Amino acid sequence: MRPHVVAQLAVSIDGATTGFEADQARFYAMATLWQEDVTLVGADTILAQESAVRTAPKPGPRPGGPLLAVVDGRHRVHNLDALRELGYWSDVLALYSDQTPARAPDSTTKELVTGYDRVDLAESLELLGRQGAKVVRVDSGGTLIGTLLDQELIDELALLIHPIIVGHAPYWHDFFTTPLNLSLANAESFHPNLTWLRYCVS
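Numbering (this note's numbering), first residue to last: 121 to 322.
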């Protein structure tokens, strides 16, 4: 029942996810290839965008758009209703664990509770699959992607590589410990000097 899970990242040559200006237009144009049913993100990714979300236009939910699922076991994200209104997603789902701090009683955000002290990602993906999700695109940083890779929950890895070496920075490969065997599914080059690599995770 688990959906096909794609991890998509914009990275530097040395694997940094921050410290450079990513080509967001190209990144999200490539994201349309999967026509995902669910966009899976971590709390850190959402919190890093808080100021941009506050000032962004809010046309309302996008009918027929993907569901935004936010992994937030410690309940650090408090602007999920605003995310719903950005016009990218049809709705927002908070992924919590049994030990997630209590939410406001009047919260209108949908919840999926799995795991005891942390969100059970495998169970969450299985439940999303039972609800009809076929494709999940992970649009997040190394912590969530590393955990998913360690648990063998990612089927495809897509890297948009930018022509820059950042040096000391968070790297997408910092957070997993399991050796990773990949088979190249596709490689393309784009102006100016961007490289797109898609791998199947074996």
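For glycine and all other residues, C-beta sits at the position ideal for the given N, C-alpha and C.
Predicted, not measured: the structure shown is a model, and the values here were computed from it.
Beta-carbon gap between residue i and residue j smaller than 9 angstroms
i	j	result
V255	Q128	no
L280	L314	yes
R194	P221	yes
P183	Y208	no
I274	V125	yes
A253	P123	yes
D134	I285	yes
T159	A189	yes
Residues near residue i in its chain [Cβ-Cβ closer than 8 angstroms; skip 5 each side]
i	result
L302	L277, Y319, C320, V321, S322
A176	L206
D240	S217, T234
A242	R122, Q271, L273
Assigned secondary structure, residue i (DSSP; H/G/I helix, E/B strand, else coil)
i	result
D270	helix
R257	strand
T159	strand
Q128	strand
T137	coil
A151	helix
A305	strand
T229	coil
A142	coil
T297	coil
I281	strand
T263	helix
R250	helix
T315	strand
Selection from the options that minimises the alpha carbon distance to residue i
i	options	result
A289	T220, P299, A136	A136
T298	Q271, R250, S309, A307	Q271
T229	E243, L245, V197, G249	V197
H293	L268, A307, A242, I166	L268
R374	E141, D157, I166	Given that the chain is displayed from residue 121 to residue 322, the structure contains no residue 374 and the question cannot be resolved.
G266	S227, F296, D226	F296
Cutoff 6 angstroms; reference residue i; Cβ partners in own chain excluding five residues on either side
i	result
G235	S217
P283	N313
N306	R318
L300	none
G287	none
Beta-carbon proximity list for residue i, same chain, < 7 angstroms, skipping 5 on both sides
i	result
L264	G162, V191, V258
T138	A289, P290
N199	E170, V173
R204	P181, D211, V212
F147	A130, L280
S244	L215, L232, T234
D164	G261, T263
S309	T315
Q219	Y236, D237
R223	H195
P179	G207
Scan the region 173–222 and note each continuous beta strand (DSSP E) run of 3 residues or more that stays entirely inside, going in chain order.
You should have 187–191, 211–216.
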